[in-house]
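Student:
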Amino acid sequence: MEKVYLDNAATTPLNEEVIDAMVSVLRDNYGNPSSTHSFGQEAKTLLEEVRRKIAEALRVTPGEIVFTSCGTESNNMIIKSCVNYLGVQRIITSPLEHKCVAETCLEMKRLNGVELVYLRPDNKANLSLEKLEELLQNSEKKTLVTLMHANNEVGNLLDLEKVAELCKKYDALFHSDTVQTMAHLDLDFSKIPVDFASCSAHKFHGPKGSGFAFVRKASGLKGIITGGPQERSLRAGTENVCGIVGLGKAWELSIDNMSEYSSHIKDIKNYCKSEIEKNFPEAKFNGESATENSLYTVLNILLPFKNPLIGLQLDMQGVAISQGSACSSGAAKPSMVLMSILDEEELENCTPLRVSFSHYTTKADIDKFISALKEVSKDFIIEKQNTEHR
Ligand code: PLP
């Protein structure tokens, strides 16, 4: 059976060129980048070349890029270090954040007594910047604002520049989880005064286990993993040279082809949206995922009937989708994001589906998804029609 992969917000397939670059490093560049001999220095040169490339695209200096093992580690490091070393006593965040931010904030409350304040989203998953400004005005405590750039479930985009300006105005630190947007959108950090951001290679056809944190120069941030002086002591441990080279190759391909990839993916998303509207006229779209104010890789559908087994049934038809973020997809409950934006009736009687695309996705993949969705939904639709006519 030919399979269709529509879960690219969870992770993406590796690009062939990325695999080649990584295999070559595994075979030929085994030196430790901290070693002073030529083997070490060759590995070090590879790392620095990737760092330079990333910094150039983000319009920052290479010293502001810290290689880590993933988005989760980057977000942990930033939030924990803000509390432990930069005197943060209050965190403003939202219920839309990925678990690696949400749980870290809760831990900072439990362990360090940090005050945690949530900005509540409206039913389209939008946050009020007026409310954020009010919160920033009304406290003497050193504050960290941590709000994601694009939501991984419903795709809503935050106006990074406006939030960063507000944080600057009120002397708050600003961290944004940019895991879903790095290498998908053009981010110019010479114009957006964000203090900290995060990236994960496997969201753009790079390897799992490789990412970086953007740490604004002179921020005073320290590492949370202690040991050797790697990454200017911000992240001890021998660098994952192969993973970083894979990240670098995936980054280069995504940045160089961004306009081509994004216009293809936007076409696919529009096609998927119109096929859903045509075949499931009562379906809705969650958050802003069907509008321009959303990440082009994500479409979040709300089907007008309850089928908790839909993910499994689609998988049996060869279609991989998700119902929330990968981290909570085993959970029986709807995700925090959906619980924050859907009403009780929708939570009780509807079925959410997140489909997410990459530049490898084709219209034929969408056709296969729609026909599988029709197949697994037909009994529910008939039952719903019968109930309505009774
Ligand atoms: N933040 C967001 C928004 C994500 O979507 C993810 C991955 O699902 C992460 C953080 C975690 O990244 P990683 O899988 O690299 O730890």
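Taking full-length UniProt numbering, I'd label the letters of the sequence shown as residues 1 to 390. All residues carry an ideal CB built from backbone N, CA and C; glycine is no exception.
Should H98 be listed as close to the ligand PLP, given that the test is whether its C-beta is under 7 Å from any heavy atom?
Tutor: By one-based count along the sequence shown, residue 98 stands at place 98. Yes, the beta carbon of H98 sits closer than 7 Å to at least one heavy atom of the ligand PLP.
Student: Where does the unbroken beta strand (DSSP E) through L116 begin, and where does it stop?
Tutor: To locate residue 116, count along the sequence shown from 1; it is residue 116. Annotation for L116: the continuous beta strand (DSSP E) segment containing it runs 115–118.
Student: Here's the rule: buried if 16 or more other CB atoms are within 10 angstroms of the residue's CB, otherwise exposed. What is T291?
Tutor: For the purposes of this step, residue 291 is taken as residue 291 along the sequence shown, with counting starting at 1. Label assigned to T291: exposed.
Student: Only counting the same chain, and skipping five residues up and downstream in sequence, which positions put a Cβ closer than 6 Å to that of L158?
Tutor: Looking up residue 158 in the sequence shown gives position 158. Once the five neighbours on either side are set aside, the close Cβ partners of L158 are L147, H149.
Student: V355 to S198, Cα distance in whole Å?
Tutor: Sequence index remark: in the sequence shown, residue 355 carries index 355 (1-based). Sequence index remark: in the sequence shown, residue 198 carries index 198 (1-based). Going by the C-alpha atoms only, they are around 23 Å apart.
Student: Looking at L46: is its Cβ nearer than 8 Å to the Cβ of N32?
Tutor: If you number the sequence shown from 1, residue 46 lands on position 46. If you number the sequence shown from 1, residue 32 lands on position 32. The answer is no: Cβ separation not under 8 Å.
Student: Starting from the C-beta of L116, find all residues in its chain whose C-beta is less than 6 Å away, skip the five residues before and the five after it, and write them out in chain order.
Tutor: What you label residue 116 is simply residue 116 of the sequence shown in a count that begins at 1. Answer for L116: I91, C105, K109, listed in chain order.
Student: In the DSSP assignment, find the alpha helix (DSSP H) that holds F214 and state where it starts and stops.
Tutor: The residue given as residue 214 occupies position 214 in the sequence shown. Taken as a continuous stretch (DSSP letters only), F214 belongs to no alpha helix (DSSP H), being part of the beta strand (DSSP E) at 211–215.
Student: From what residue to what residue does the beta strand (DSSP E) around V194 run?
Tutor: Counted from its first residue, the sequence shown places residue 194 at position 194. Neither: V194 is in no beta strand (DSSP E) and is coded neither H nor E.
Student: The ligand PLP and S94: does any heavy atom of the ligand fall closer than 7 Å to the residue's C-beta?
Tutor: Taking the sequence shown and counting its residues from 1, one reaches residue 94 at position 94. S94: no, Cβ never under 7 Å from the ligand PLP.
Student: Going by CA-CA distance only, name the one from A364, N15, I54, K80 that's closest to G220.
Tutor: Translated into the one-based positions of the sequence shown, residue 220 becomes position 220. Answer by Cα proximity: K80.
Student: Going along the chain, which residues of its own chain have a beta-carbon closer than 8 Å to the beta-carbon of H205, five neighbours each way excluded?
Tutor: By one-based count along the sequence shown, residue 205 stands at place 205. Here the set comprises T12, P13, L14, N15, V18, A250, L253, S254, S358.
Student: Using a Cβ-based criterion (distance less than 7 Å to any ligand heavy atom), does V179 qualify as near the ligand PLP?
Tutor: By 1-based counting over the sequence shown, the position of residue 179 is 179. Yes, the Cβ of V179 comes within 7 Å of a heavy atom of the ligand PLP.
Student: Between E73 and G211, how many whole angstroms is the CB-CB distance? I'm expecting something under 8 Å.
Tutor: Here residue 73 refers to the residue found at position 73 when the sequence shown is read from its first residue. Here residue 211 refers to the residue found at position 211 when the sequence shown is read from its first residue. Right, their Cβ atoms sit about 7 Å apart.
Student: Are there any heavy atoms of the ligand PLP lying less than 7 Å away from the beta-carbon of F227, as far as the coordinates show?
Tutor: For this step, residue 227 is matched to residue 227 along the sequence shown. Position check: residue 227 holds Gly in this sequence, whereas Phe was assumed. No, the Cβ of G227 stays beyond 7 Å of every heavy atom of the ligand PLP.
Student: Compare the beta carbon distance of L299 and C272 with 8 Å and say whether it is the shorter of the two.
Tutor: As a working mapping, residue 299 is identified with position 299 in the sequence shown. As a working mapping, residue 272 is identified with position 272 in the sequence shown. Yes, Cβ-Cβ distance for L299 and C272 is below 8 Å.
Student: Given residue 420, which residues of its chain have a CB within under 6 Å of its CB, disregarding the five upstream and five downstream residues?
Tutor: For residue 420 there is no data in the structure shown, the boundaries of the chain being 1 and 390.
Student: Output the boundary residues of the beta strand (DSSP E) element that contains S176.
Tutor: Numbered from its first residue, the sequence shown carries residue 176 at position 176. S176 -> beta strand (DSSP E) spans 173–176.
Student: For G287, count neighbouring Cβ atoms within 10 angstroms of its own Cβ and tell me buried if that reaches 16, exposed if not.
Tutor: Taking the sequence shown and counting its residues from 1, the one referred to as residue 287 is at position 287. With 16 or more Cβ atoms within 10 Å of its Cβ, G287 is classed as buried.
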